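Notes to accompany the following structure.
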Amino acid sequence: MGRNSEKDAVLTWYRSISSRRVDLISDYAGSEIFIVEFDSLLLQCFSNPKLNFSNGFQLLHAVYIVEKFLQDLLSRRCRFQVVCFDQNEELCVPPNAGRTNWPKYALARLVIFRHLARNLSSDKRVMFKRFSSFTDDEFVQYLNESGTYFVMCHDGAMPDAAGSKSALRSDSSQDLKAFEEDQMLLREISNSASSLSAGRLPFYNVPFIKSPALENLGGIIELSERDVITVLVLRTAMQQGIISGDEASAFLLHTAALQYFPLANWKPLTTTDNIA
Numbered sequence: 126m127g128r129n130s131e132k133d134a135v136l137t138w139y140r141s142i143s144s145r146r147v148d149l150i151s152d153y154a155g156s157e158i159f160i161v162e163f164d165s166l167l168l169q170c171f172s173n174p175k176l177n178f179s180n181g182f183q184l185l186h187a188v189y190i191v192e193k194f195l196q197d198l199l200s201r202r203c204r205f206q207v208v209c210f211d212q213n214e215e216l217c218v219p220p221n222a223g224r225t226n227w228p229k230y231a232l233a234r235l236v237i238f239r240h241l242a243r244n245l246s247s248d249k250r251v252m253f254k255r256f257s258s259f260t261d262d263e264f265v266q267y268l269n270e271s272g273t274y275f276v277m278c279h280d281g282a283m284p285d286a287a288g289s290k291s292a293l294r295s296d297s298s299q300d301l302k303a304f305e306e307d308q309m310l311l312r313e314i315s316n317s318a319s320s321l322s323a324g325r326l327p328f329y330n331v332p333f334i335k336s337p338a339l340e341n342l343g344g345i346i347e348l349s350e351r352d353v354i355t356v357l358v359l360r361t362a363m364q365q366g367i368i369s370g371d372e373a374s375a376f377l378l379h380t381a382a383l384q385y386f387p388l389a390n391w392k393p394l395t396t397t398d399n400i401a
């Protein structure tokens, strides 16, 4: 089966499913453990109309919105674990985000990932897990051992131009990501794991993000956070004509040199006083 026909089959299956609205705690979860998918959580929070990533970069606000979402779950005595899939790292960007703002969301995702990984590790109420994909053998083993009841994740639906509150964005050229999201839902449902959206809040499909600048760095075994941020910022600056190619190359050489010549080693070994 070709990829297009497979995509159409998955989207057709998803359209045939009736929406289900329940009280997450009283009617469904109770005291059972469930999973909050990391990039779905970010997409919900990044879509907050009060968050400004266009003209500004309200990173602290974004961190607060994520923490508030999780705290609301904890306040209702939910038992959940946050799970991050590397393959979903491009799914956290709202559909109305401009291309030049994508690096902001990539940086915010990285910051929030590190923030949760560090702080949730000291909170026994919530665990933070990371896997390469939802088909990863380690994730399958984790599901079998953890007794997870359901997965809270992006459901591939968003408001359309006609005003529908839950229309599938099937007429968009960007629905490849919707196909991938629905594949994950289909797999979980087929494995008898019930998948729900987060409460009554709508989730949205996101544009497909490809960064040739990062793909060309595939030969580097370990890429630091500073390297990733530098490449993304330089790429955006060149696209907007802020810097030239020579200036970007010089900055990349400077970044590479920092690995071998840290700034702390740039001070002189000895100093002499100037005598008038």
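The sequence shown lines up with residues 126 to 401 when you count with the numbering used here.
For glycine and all other residues, C-beta sits at the position ideal for the given N, C-alpha and C.
Note that the coordinates shown come from a computational prediction; the quantities given were computed from them, not determined experimentally.
Close CB contacts of M363 within its chain, under the 6 Å cut and outside five residues either way in sequence, are with A373 (chain order).
Leaving aside the five residues that flank L241 on each side, the residues in its chain whose CB is nearer than 7 Å to its CB run, in chain order, V207 and F253.
Straight across, the Cα-Cα distance linking G155 with C203 is about 8 Å.
In the displayed model, E214 falls within coil according to three-state DSSP, outside both helix and strand. With at least 16 other beta carbons inside 10 angstroms of its own, D164 counts as buried. The Cβ atoms of L377 and L359 lie closer than 8 Å to each other. In this structure, DSSP gives C209 an extended state, which the three-state scheme calls strand. Residue pairing from DSSP leaves K132 without any beta-bridge partner. Following the DSSP letters along the chain, one finds F163 inside the alpha helix (DSSP H) bounded by residues F163 to F171. Of the residues assessed, W138 falls on the exposed side of the cut-off, its CB having fewer than 16 other CB atoms within 10 angstroms.
Taking a contact as a CB-CB distance under 8 Å, the pair A187 and C209 does not count as one, their CB atoms being some 16 Å apart.
For V251, there is no enclosing beta strand (DSSP E), as DSSP marks it with neither H nor E. Contact annotation: the segment 218-229 does not touch the segment 264-275, with fewer than three C-beta pairs closer than 8 Å. Of all alpha-carbon atoms in E215, F264 and K175, the one lying nearest the alpha-carbon of I190 is that of K175.
Per DSSP, the continuous alpha helix (DSSP H) segment holding F194 begins and ends at L184 to S200. With distances taken between CA atoms, N213 lies nearest to T260 out of T260, F159 and A382. If you draw a 10 Å sphere on the C-beta of H279, you find 16 or more other C-beta atoms in it, and that means buried. Nearest C-alpha to F182 among D197, I368 and Y230: Y230. At the C-beta level, V236 and L195 stay beyond 8 Å of one another. DSSP places F178 outside both helix and strand once states are collapsed to three, so it counts as coil. Under the three-state reduction of DSSP output, F238 falls in the helix class. Taking C-beta separations shorter than 6 Å and ignoring five residues to either side along the sequence, the partners of A233 in its chain run L184 and A187, following chain order. About 16 Å separates the CB atoms of R250 and L166; that is not less than 8 Å, and the two are not in contact.
In this structure, I160 and V265 do not form a Cβ contact; the two beta carbons are roughly 13 Å apart against a cut-off of 8 Å.
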